[in-house]
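Enquirer: Take the sequence shown: its letter number 122 is residue 213 in this note's numbering, and every next letter is one higher.
In this text, a Cβ means the ideal position worked out from N, Cα and C, and glycines have one as well.
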Amino acid sequence: MEIKTGMVEKALSSCYLKTNKTSVICSIHFEQKGETDSWVEVNFSDVLPLKVCSPIVSIADSLLSSKSRSTKIKVSFHAVKYGEDLFSCLVNSFSMCVILSGIRVVDTICSGTVYAGKDGISLAGGPDLLPLHMVYVIHRKRIMQVHFDGILDSTLLADATEKLVHRCIEQSVLMKSKVEDVVNDIVNG
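(1) Between Ser245, Ile164, Ser179, which has its C-alpha nearest serine 114's C-alpha?
(2) In or out: histidine 199 buried (at least 16 other Cβ within 10 Å) or exposed?
(3) State the start and end residues of the unbroken beta strand (DSSP E) segment that holds methionine 324.
(4) Give me the residue from Ile119, Lys112, His224 with the minimum Cα distance to lysine 142.
(5) My parser needs the alpha helix (DSSP H) runs of 4 or more residues fully inside the stretch 158-194; what are they?
(6) Pull the bridge partners of glutamate 93 from the DSSP assignment, please.
(7) For serine 118, which beta-bridge partners are listed by DSSP?
(8) Which one or two residues does DSSP pair with isoleucine 82 in a beta bridge?
(9) Rounding to the nearest angstrom, what Cα-Cα distance links glutamine 262 and methionine 187 in this structure?
(10) Taking DSSP as the reference, what is the three-state secondary structure of methionine 225?
(11) Count the other CB atoms within 10 Å of the CB of alanine 215; is the residue buried (16 or more) or exposed (fewer)?
(12) Taking contact to mean 3 or more Cβ pairs, one atom from each stretch, closer than 8 Å, check whether the stretch 165-181 and the stretch 116-134 are in contact.
(13) Around the Cβ of asparagine 183, are there at least 16 other Cβ atoms within 10 angstroms (buried) or fewer (exposed)?
(14) Checking 9 Å against the spacing of the C-beta atoms, do alanine 251 and valine 197 come in under that value?
(15) Which one or two residues does DSSP pair with asparagine 70 in a beta bridge?
(16) If you draw a straight line from the alpha carbon of serine 213 to that of aspartate 272, how long is it in whole angstroms?
(17) Quick check: leucine 108 and glutamate 93, are their CB atoms within less than 9 Å of each other?
As structure tokens, this is what we get:
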């Protein structure tokens, strides 16, 4: 996973996240909130599958805890290219942006993807494999959401959950390292 920050000018924070299959950009802006406006607005620049967008909006609404009468938090996503790990990439780019923005959150999250097939659970995708995505709450060590589209053999669920948690923890370590790099650049810069 490659992560670059500060990619969007005038954004409170922004993150470009790239894997072998997917490249996404997330940015967070503050805007003046109208009296009837929601305090969080999530936008997707491309026509992305609703099964991906709806949970992302739900995550943003539940994670952001700073409700303001006058300020709206605007989260924007742009998919440069996307593959089976789109959901996890959107979640991880959002999490990085939130961390770097300094906005108060309920907890920090990350996401991972594994693949299920008739022969078991795999860390790498391939033909006839079903992607499974998990959103993991890092500090509480809890599962927030699990997503997959298709039919999963119930005997694989325990193994999938274990591998997803492990994958999420790996992602959280990578994200923590990147945040530390950004902070060091600011302090030493």
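Expert: A quick look at the data gives this:
(1) For the purposes of this step, residue 114 is taken as residue 23 along the sequence shown, with counting starting at 1. Of Ser245, Ile164, Ser179, the residue nearest in Cα terms is Ser179.
(2) Position 108 of the sequence shown holds residue 199. Sequence check: residue 199 is threonine here, not histidine. Looking at its Cβ environment, which holds 16 or more other Cβ atoms inside 10 Å, threonine 199 is buried.
(3) For the chain, the structure presents residues 92 to 280; residue 324 sits outside this window and is missing.
(4) As a working note, residue 142 is residue 51 in the sequence shown. Answer by Cα proximity: His224.
(5) 177-192
(6) Position 2 of the sequence shown, counted from the first residue, corresponds to residue 93. Partner(s): Lys109.
(7) Within the sequence shown, residue 118 is the residue found at index 27, counting from 1. Bridge partners of serine 118: Ser105, Ser167.
(8) The chain is shown only over 92 to 280; residue 82 falls outside these bounds and no answer can be derived.
(9) Taking the first residue of the sequence shown as position 1, residue 262 is located at position 171. Taking the first residue of the sequence shown as position 1, residue 187 is located at position 96. Approximately 11 Å, taken between the alpha carbons.
(10) Translated into the one-based positions of the sequence shown, residue 225 becomes position 134. Strand at methionine 225.
(11) Position 124 of the sequence shown, counting from 1, holds the residue named residue 215. When all chains shown are included, alanine 215 counts as exposed.
(12) yes
(13) Sequence index remark: in the sequence shown, residue 183 carries index 92 (1-based). With 16 or more Cβ atoms within 10 Å of its Cβ, asparagine 183 is classed as buried.
(14) Position 160 of the sequence shown, counting from 1, holds the residue named residue 251. Position 106 of the sequence shown, counting from 1, holds the residue named residue 197. No, the Cβ-Cβ distance between alanine 251 and valine 197 is not below 9 Å.
(15) Examination of residue 70 is not possible in this model, given that the chain is present from 92 through 280 alone.
(16) Walking along the sequence shown from the start, residue 213 turns up at place 122. Walking along the sequence shown from the start, residue 272 turns up at place 181. So the alpha carbons of these two residues sit roughly 31 Å apart.
(17) Here residue 108 is taken as the residue at index 17 of the sequence shown, counted from 1. Here residue 93 is taken as the residue at index 2 of the sequence shown, counted from 1. Closer than 9 Å, so yes.
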